[in-house]
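Chemist: Let me begin by handing over the structure; questions about it come next.
Numbering (this note's numbering), first residue to last: 24 to 92.
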């Protein structure tokens with residue numbers, strides 16, 4: 024899967040759950056980095072799970088911070 028297509032699919036999946044998350048994809052290293060802020064640990068887990076389902080063979084680096092209201 025090419026980088027732009029994967030990035031778009033990940034952004035769409037994450038966008039349904041949070042607009043404050045940035046996605047960086049490194050195809051050659053097979054790494055996905057998530058950055059941003061969410062309001063709960065549950066939301067953070069849902070985002071990471073969504074990314075894991077779309078790209079199961081990638082390593083996910085989760086730099087998403089939980090900042091409750």
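Backbone N, C-alpha and C fix where the C-beta goes; we use that ideal spot for every residue, glycine too.
Which of helix, strand or coil does DSSP assign to residue 50?
Modeler: Position 27 of the chain shown holds residue 50. If DSSP states are grouped into helix, strand and coil, residue 50 belongs with coil.
Chemist: Would you mind sorting residue 50 into buried or exposed? The rule is 16 or more other CB atoms within 10 Å of its CB.
Modeler: Position 27 of the chain shown, counting from 1, holds the residue named residue 50. Exposed: under 16 other Cβ atoms inside 10 Å.
Chemist: Starting from the C-beta of residue 43, find all residues in its chain whose C-beta is less than 8 Å away, skip the five residues before and the five after it, and write them out in chain order.
Modeler: Start at 1 with the first residue of the chain shown, and residue 43 comes out as number 20. So the qualifying residues of the chain are 59, 60 and 61.
Chemist: Expressed to the nearest angstrom, what Euclidean distance is found between the alpha-carbon atoms of residue 53 and residue 38?
Modeler: The residue given as residue 53 occupies position 30 in the chain shown. The residue given as residue 38 occupies position 15 in the chain shown. Taking the straight line from one Cα to the other gives about 21 Å.
Chemist: Between 64, 31, 32 and 30, which lies nearest to residue 86 when the distance is taken from Cα to Cα?
Modeler: Within the chain shown, residue 86 is the residue found at index 63, counting from 1. With distances taken between Cα atoms, residue 86 lies closest to 64.
Chemist: What's the gap between the Cα of residue 92 and the Cα of residue 56?
Modeler: Position 69 of the chain shown, counting from 1, holds the residue named residue 92. Position 33 of the chain shown, counting from 1, holds the residue named residue 56. Cα to Cα, residue 92 sits roughly 24 Å from residue 56.
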